[in-house]
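Q: Can you keep this structure in mind? I'll have questions shortly.
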Amino acid sequence: NIQATSLSGANPISINTKQTTAMDFIYAQETVCWIHMGDSPAATQLKCAKFPNAKSFTEEKTINISLSLHR
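Numbering (my numbering), first residue to last: 1358 to 1428.
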């Protein structure tokens, strides 16, 4: 899972992931993206979700990727 924590001590916010191997946050778009490892190369996906005002994860979407991430 990806968890967002706060310095204020608020409860962490999380989003379910599977074997995440890479993650990035796009500040200008308030979006977090990660590699969701599938059980096979074809099932591996790039996923992104909005994280507006660091309050909750919304609008989770899968982005099609044509390259195999398994070697």
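Where a beta carbon is used, it is the ideal one built from N, C-alpha and C, also for glycine.
If you're wondering where the values come from, they're calculated on a predicted model, not measured in any experiment.
Output the distance between the C-alpha atoms of Gly1395 and Thr1401, rounded to the nearest integer angstrom.
A: 4 Å
Q: Can you tell me whether Lys1418 is buried or exposed, with buried defined as 16 or more other CB within 10 angstroms of its CB?
A: exposed
Q: Using the three-state DSSP reduction, which class does Ala1367 fall into: helix, strand or coil?
A: coil
Q: If you drop the 5 nearest sequence neighbours on each side, which residues of the same chain put their C-beta closer than 8 Å to that of Asp1381?
A: Val1389, Cys1390, Trp1391
Q: Only counting the same chain, and skipping five residues up and downstream in sequence, which positions put a Cβ closer than 7 Å to that of Glu1387?
A: Lys1407, Phe1408, Pro1409
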